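> This is the structure I have questions about; it appears just below.
Numbering (the working numbering), first residue to last: 9 to 466.
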């Protein structure tokens with residue numbers, strides 16, 4: 009490529025750590041190495057990830073609609089464009105015709121994209137993809153091809169594989185890993201729980217400790233779950249520094265890019281089986297093609313007993329590990345990734361106006377319905393707020409009345425307390441008086457007895 013070639017523009021849904029960012033970053037860095045200008049277009053995410061964007065040309069828009077959409081269209085014009093599908097970017101698919109060439113990346117598992125994108129946005133994307141001369145659809149593994157073709161209503165010839173990739177680490181070759189521990193690195197979120205379960209099963213089967221590294225909203229929940237597993241010695245470290253831990257690991261349980269990264273570092277890798285929490289198998293030279301076809305997620309593969317996976321990992325020689333690393337370099341490196349993308353970029357025709365109008369009409373109707381529903385719910389919330397306000401005022405008045413009554417009760421209590429004290433004093437005085445009367449009565453009784461014993465004589 010030369011600087012006179014059209015730029016590569018990648019439409020990334022959001023600047024957020026994860027597989028899509030790595031995918032886009034590897035493509036852009038490799039294009040620049042080969043002399044092609046390349047840019048990531050995206051919106052800012054929740055967290056600052058600028059340290060992960062070093063050396064990249066990143067252009068930010070405020071949103072994927074309105075003025076932001078107009079700006080994106082200007083950058084797309086005459087460029088080679090890879091649109092990574094998402095609810096945010098799906099509505100740009102009909103505009104890919106302004107690019108010199110384009111393709112659409114679909115990373116969702118077959119059968120999940122309609123739900124993830126939303127019915128109406130999916131319809132817009134499917135209309136653009138299904139048009140005569142529509143863009144090629146790129147999926148991360150061969151196991152996705154048939155399902156995605158059915159989902160979008162297109163032929164399997166229009167769906168191609170653009171596998172994930174990772175650069176080989178620089179520096180001296182890593183040490184040959186042993187079998188002394190298991191590591192899993194992931195985003196600590198509920199949708200990754202199945203990977204955690206697979207790692208725990210393998211560690212228990214091998215009678216070795218498990219280390220979990222990552223960051224995410226469910227760290228505390230994951231830590232508690234690990235602590236509740238009988239026979240498991242585990243620790244969880246909250247960090248996004250996967251590289252350091254992967255380089256020192258013996259056995260790694262992972263999926264997707266993390267599995268690739270571990271293999272590129274010469275680690276023993278077991279691939280988790282999506283989504284059941286089991287294991288799809290050890291990443292050996294013989295298993296490479298089958299597991300890569302699932303994007304190293306075990307999609308559609310039968311689960312393997314943890315003990316058998318552990319044995320297969322232990323039987324891998326240093327030569328086997330080197331061969332797996334060589335497979336990463338040949339089939340899953342950034343140069344191979346960019347070469348594959350270029351093979352599938354092509355000029356795109358716009359979808360038929362009537363079909364596109366219908367798709368956007370459905371989207372508009374859906375939005376109007378949602379707006380009406382939100383307005384209705386807003387009205388109900390207003391009524392509820394007024395009712396609760398009235399209840400609060402009524403409760404306030406009752407509280408004031410209760411406070412006044414309690415004040416009266418306090419006064420009555422103090423009066424009765426004083427009365428009780430007075431009665432108590434009188435009771436004590438009466439008791440003392442009765443004691444004196446008793447004494448007097450006894451004295452007079454004694455006197456009477458004395459007179460009876462000594463009668464007077466006249």
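All residues carry an ideal CB built from backbone N, CA and C; glycine is no exception.
All values derive from a computational prediction rather than experimental measurement.
Any idea what DSSP makes of residue 354, helix, strand or coil?
Residue 354: strand per DSSP, three-state reduction.
> Considering only the alpha carbon of each residue, which of 20, 32, 120 and 250 lies closest to residue 191?
Ranking the options by Cα distance to residue 191, first place goes to 250.
> Which of helix, strand or coil does DSSP assign to residue 450?
If DSSP states are grouped into helix, strand and coil, residue 450 belongs with the helices.
> Enumerate in chain order the residues of its own chain whose CB-to-CB distance from residue 105 is below 7 Å, with the five nearest sequence positions on each side excluded.
Once the five neighbours on either side are set aside, the close Cβ partners of residue 105 are 356, 357 and 358.
> Tell me the DSSP secondary structure of residue 302 in three-state form.
It is coil, neither helix nor strand.
> Among 46, 42 and 17, which one has its Cα closest to the Cα of residue 80?
Among 46, 42 and 17, the Cα nearest to that of residue 80 belongs to 17.
> So, residue 309 versus residue 281, is the Cβ gap smaller than 8 Å?
Closer than 8 Å, so yes.
> When you compare only the Cα positions, how much space is there between residue 301 and residue 151?
Their backbone Cα atoms lie some 5 Å apart in a straight line.
> Which residues does DSSP pair with residue 88 in a beta bridge?
16 and 109.
> Are there 16 or more other CB atoms within 10 angstroms of the CB of residue 209, so buried, or fewer, so exposed?
Residue 209 should be labelled buried.
> Using DSSP with H/G/I as helix, E/B as strand and the rest coil, what is residue 376?
With a pLDDT of only 48 at residue 376, under 50, the local geometry of the prediction cannot be trusted, and no value is derived from it.
> Under 8 Å, do residue 172 and residue 26 count as touching if we go by C-beta distance?
In this structure, residue 26 does not lie closer than 8 Å to residue 172 by Cβ.
> In the DSSP output, which residue or residues are listed as bridge partners for residue 287?
280 and 312.
> Verify whether the separation of the beta carbon atoms of residue 58 and residue 22 is less than 8 Å.
Taking 8 Å as the Cβ cut-off, residue 58 and residue 22 do not qualify as a contacting pair.
> Put residue 44 into one of helix, strand or coil per three-state DSSP.
Correct three-state label for residue 44: coil.
> Mark residue 306 as exposed unless 16 or more other C-beta atoms lie within 10 angstroms of its C-beta, in which case mark it buried.
Answer is buried; the Cβ neighbour count reaches 16.
> Would you kindly work out how many angstroms separate the C-alpha atoms of residue 244 and residue 221, rounded to a whole number?
Spanning the two alpha carbons is a distance of roughly 6 Å.
> Check the C-beta distance from residue 72 over to residue 96 and give it rounded, since I have them as a contact under 8 Å.
With a Cβ gap of about 5 Å, residue 72 and residue 96 count as contacting.
> Using the rule of at least 16 other Cβ atoms within 10 Å of the residue's Cβ for burial, across every protein chain shown, is residue 460 buried or exposed?
Classification of residue 460: exposed, given that the 10 Å Cβ count is below 16.
> Hey, quick one: how far does the alpha helix (DSSP H) through residue 242 stretch, first residue to last?
No alpha helix (DSSP H) holds residue 242; the beta strand (DSSP E) holding it covers 242-246.
> Since residue 276 contacts residue 260 with CB under 8 Å, what's their CB separation in whole angstroms?
The Cβ separation is near 7 Å, so the contact holds.
> By the DSSP assignment, the beta strand (DSSP E) with residue 222 in it spans what residues?
Its beta strand (DSSP E) spans residues 218-222.
> Keeping to the same chain, check which residues put their C-beta closer than 6 Å to that of residue 189; ignore five residues upstream and five downstream.
The residues are 216, 217 and 258.
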